[in-house]
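Numbering (this note's numbering), first residue to last: 549 to 671.
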């Protein structure tokens, strides 16, 4: 654990985005890592290829590494060296949840409730 003064000195010396390049995934994202004793709260990060980034643009192996589930990045782990399997998508498909292209199911049942329509008595 480092002190605040040591952290500020290291930030001034190396900056916020200084670190060593660990690897690059199939989508073109670059993954970096700092030594944990230098900057305590930010040791692993990703630079997305696109400006409009989405967390779904990270491959599963890199996601496990960047969220500290595994210690070795996929470039060093022999289990993750299997590359793309036949059932995996070849390119990134964005999440369309809050877009106009989102899936909207068609409903054939009647609503149980209807909106209240106020009726004003004539005067």
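Idealized CB from N, CA, C, for every residue including glycine.
This one's a predicted model, so the numbers in the text were calculated from it and none came from an experiment.
Would you call the CB atoms of residue i and residue j closer than 8 Å?
i	j	result
residue 592	residue 600	no
residue 610	residue 622	yes
Could you name the residues of the same chain whose beta carbon sits closer than 7 Å to that of residue i, not counting the 5 residues immediately before and after it, in chain order?
i	result
residue 597	575, 576, 577
With DSSP collapsed to three states, give me the class of residue i.
i	result
residue 593	strand
residue 571	strand
Evaluate residue i with the Cβ neighbour count: other Cβ atoms within 10 Å of its Cβ, from every protein chain shown; 16 or more gives buried, anything less gives exposed.
i	result
residue 552	exposed
residue 643	exposed
residue 667	exposed
residue 664	exposed
residue 568	exposed
Answer yes or no: does any C-beta atom of chain B fall closer than 8 Å to that of residue i?
i	result
residue 618	Note that chain B does not occur in the displayed structure, where there is just one protein chain.
My guess is that residue i and residue j are in contact by the Cβ rule of under 8 Å, so how many angstroms apart are they, rounded?
i	j	result
residue 624	residue 573	Between residue 573 and residue 624 the Cβ distance is about 14 Å, and since that is not below 8 Å, they are no contact.
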